[in-house]
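Residue numbers for the sequence shown follow this note's numbering, so the first one is 12 and each next one is one higher. All C-beta atoms, glycine included, are put in the ideal place defined by N, C-alpha and C. Small disclaimer: the values here were computed from a predicted structure and weren't measured. Written below as structure tokens is the structure these notes are about.
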Amino acid sequence: MDTLVIEGGRRLKGRARISGSKNAALPILFAAVLCEGSAALRNVPKLRDIATTLKLLRALGCEIEEREDEIVVSPKALVPAAPYDLVCTMRASVLCLGPLLARVGKAKVALPGGCAIGARPVDQHLKALEKLGARFSLEEGYILGECDRLTGARVTFDMPTVGGTENALMAAVLADGETVLENCAREPEISDLAKFLNACGAKIEGYGESVIRIQGVGSLRGATYEIMPDRIEAGTFMVAAGITRGELELENCPYDALEAVVAKLKLMGMDIRRADSGSVIASADAPLECVDARTEPYPGFPTDMQAQLMALLCVSRGTAVVEERIFENRFMHVQELLRMGADIRASGGTAVVRGVERLSGAPVMASDLRASASLVLAALAADGVTEISRIYHLDRGYEAIEKKLAAIGANIRRKQNKS
Ligand code: EPZ
12 MDTLVIEGGR
22 RLKGRARISG
32 SKNAALPILF
42 AAVLCEGSAA
52 LRNVPKLRDI
62 ATTLKLLRAL
72 GCEIEEREDE
82 IVVSPKALVP
92 AAPYDLVCTM
102 RASVLCLGPL
112 LARVGKAKVA
122 LPGGCAIGAR
132 PVDQHLKALE
142 KLGARFSLEE
152 GYILGECDRL
162 TGARVTFDMP
172 TVGGTENALM
182 AAVLADGETV
192 LENCAREPEI
202 SDLAKFLNAC
212 GAKIEGYGES
222 VIRIQGVGSL
232 RGATYEIMPD
242 RIEAGTFMVA
252 AGITRGELEL
262 ENCPYDALEA
272 VVAKLKLMGM
282 DIRRADSGSV
292 IASADAPLEC
302 VDARTEPYPG
312 FPTDMQAQLM
322 ALLCVSRGTA
332 VVEERIFENR
342 FMHVQELLRM
352 GADIRASGGT
362 AVVRGVERLS
372 GAPVMASDLR
382 ASASLVLAAL
392 AADGVTEISR
402 IYHLDRGYEA
412 IEKKLAAIGA
422 NIRRKQNKS
């Protein structure tokens, strides 16, 4: 399996272009199943999870055309069954439930197994879809769903769930009558999904807020749509500028979707500002100060940036308390950072980070997507060489990260290992 070999100590300088958002592209690709025509999606990032989704869409009976700058999805004779071998590699496959029920009244989707960062149940997805008229049973590890025509209803989530909100939204657009979704997640990727659906003729209001209203329509046409930039990739590159005391100009950076992250990094002493070209410049030229952090649903500090921030805190001055409040097991980067000389004490969902002068390069192992990003960032700042194994985790969510980092001065290469 490939590894990444990074020699730390270089200040990053230059321009990096932020790719399309993985967490917007995934639901929008599944939403294309709802359309009677073809959907042409632009700025789709080239990632493992996208490749998995395209495979799944083909298995569901969609024609996929991968052009130079867009992916065209054309639902044909839909086969409403998502096989286990695809679902087990990507939990977001559960997002095909809502579209299949809305379009063909049936769905057979493998129950997503556990995940490194937590149990990640889908009870809220099923509860919302049942409110809209779906009936579910669980057989041999598969969720079997069916319904006549879905009927609009009032749905209140027990907690803000990104995927649950997305599944309910995609089902409601073709339901009979009005649906009101309450206690929705407010992540920008949900708004991107809603804008795509409205471009296809859906009638959705209030997205981005905790109450979303949908007037069901009879059918949706296809549309051409540009996926929003990836705010987590952008936040990761901001931290890369901070941890190497460099200066980066980030093109196509979704600054407005990063308020909590920008505020935190500025509080630590980074300089982050919009440039007149529409890019965002992030830099640090002095030691940064530790600040506490707590992950919250949007617009709070995103859980997907917790591991990356922790890497920065490891080499900042002072002490910080980091609370992970969204997922129950999202500190797997801690053990690996300790191998590099970090001073972290984690217990339950709380970690106390004491900044150290320098980290030292070491062989480390990636465990999940954002933990891998944290190790890359730590390696960029560490003395000596770090070799990161299991980087297939990283490839799920970062497009050509070693090429982007090398282009702005990092000493990084991907090593193919025969095994
Ligand atoms: C989405 O996952 C993202 N994935 C995650 O990004 C992100 O970390 C997460 O939202 C939170 O922002 C995609 O968009 C593809 P949730 P999702 O439902 O939808 C609990 C990454 O690194 N919950 O908002 O699965 C759940 O256990 C990935 O790109 C239930 O209890 O997250 C968690 O504690 C990792 N029952 C909380 O809600 C449910 O039915 C938030 O989960 C659903 C969720």
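Residue i: beta carbon under 7 Å from a heavy atom of the ligand EPZ?
| i | result |
| --- | --- |
| PHE312 | no |
| ASN34 | yes |
| HIS344 | no |
| HIS136 | yes |
| PHE207 | no |
| GLU198 | yes |
| MET170 | yes |
| LEU380 | yes |
| ILE154 | no |
| ARG242 | no |
| GLY408 | yes |
| VAL173 | yes |
| PHE338 | yes |
| ASP13 | no |
| VAL166 | no |
| VAL332 | no |
| ASP159 | no |
| ALA130 | yes |
Drop a sphere of 10 angstroms on the beta-carbon of residue i, count the other beta-carbons inside from all chains shown, and report buried for 16 or more, exposed for fewer.
| i | result |
| --- | --- |
| GLU274 | Position check: residue 274 holds Ala in this sequence, whereas Glu was assumed. Burial call: exposed. |
| ASN428 | exposed |
| LYS57 | exposed |
| THR306 | buried |
| MET12 | exposed |
| CYS73 | buried |
| LYS426 | exposed |
| GLU335 | buried |
| ALA357 | buried |
| PRO132 | exposed |
| ASP406 | buried |
| MET279 | buried |
| ALA234 | buried |
| GLY109 | buried |
| GLU339 | exposed |
Using C-beta distances below 6 Å, list every residue in its chain close to residue i, excluding the 5 sequence neighbours before and after it, in chain order.
| i | result |
| --- | --- |
| ASP315 | ILE243, ARG381 |
| THR176 | CYS195, ALA196, ILE201 |
| ALA322 | SER385, LEU388, ALA389 |
| LEU219 | Per the sequence shown, residue 219 should be read as Gly rather than Leu. Only ARG197, SER202 meet the Cβ criterion. |
| LEU192 | VAL166, ALA179, ILE223 |
Which same chain residues, not among the five before or five after residue i, have their C-beta less than 7 Å away from its C-beta?
| i | result |
| --- | --- |
| LEU269 | ARG242, ALA245, GLY246 |
| LYS214 | ILE225, GLN226, VAL228 |
So, at 8 Å on beta carbons, what are the nonlocal neighbours of residue i in its own chain, with the 5 sequence-adjacent residues on each side left out?
| i | result |
| --- | --- |
| SER104 | THR63, THR64, LEU67, ALA93, LEU97, VAL98, VAL120, ALA121, PRO123 |
>> Going residue by residue through the stretch 165 to 198, where are the continuous alpha helix (DSSP H) segments of at least 4 residues, counting only ones entirely within it?
In response: 173 to 183
>> Restricting to runs no shorter than 3 residues, where is the beta strand (DSSP E) found entirely within the stretch 198 to 283?
In response: 214 to 216, 222 to 226, 235 to 237, 258 to 262
> Are there three or more Cβ pairs, one per stretch, closer than 8 Å when the stretch 132 to 146 is compared with the stretch 66 to 75?
Replying inline: The stretch 132 to 146 vs the stretch 66 to 75: no contact.
> So, do the stretch 85 to 98 and the stretch 32 to 50 have three or more beta carbon pairs nearer to each other than 8 Å?
Replying inline: yes
> Should the stretch 403 to 416 be regarded as contacting the stretch 155 to 166, the criterion being three or more beta carbon pairs within less than 8 Å?
Replying inline: no
> Taking only runs of the beta strand (DSSP E) that begin and end inside the stretch 40 to 74, which ones reach a length of at least 3 residues, in chain order?
Replying inline: Entirely contained in the stretch 40 to 74, the beta strand (DSSP E) runs reaching 3 residues are, in chain order, 50 to 53.
> In chain order, which beta strand (DSSP E) runs of at least 3 residues are fully inside the stretch 383 to 426?
Replying inline: 396 to 400, 422 to 426
>> List, from N- to C-terminal side, the alpha helix (DSSP H) runs of 4 residues or more that fit wholly inside the stretch 275 to 325.
In response: 317 to 325
> Are three or more beta carbon pairs between the stretch 102 to 120 and the stretch 179 to 186 nearer than 8 Å?
Replying inline: Counting Cβ pairs under 8 Å, three or more are found: they touch.
> Can you find at least 3 beta carbon pairs, one from the stretch 96 to 109 and one from the stretch 247 to 265, that sit closer than 8 Å?
Replying inline: no
> How about the stretch 341 to 356 and the stretch 296 to 304: do they share at least three Cβ pairs that are nearer than 8 Å?
Replying inline: no
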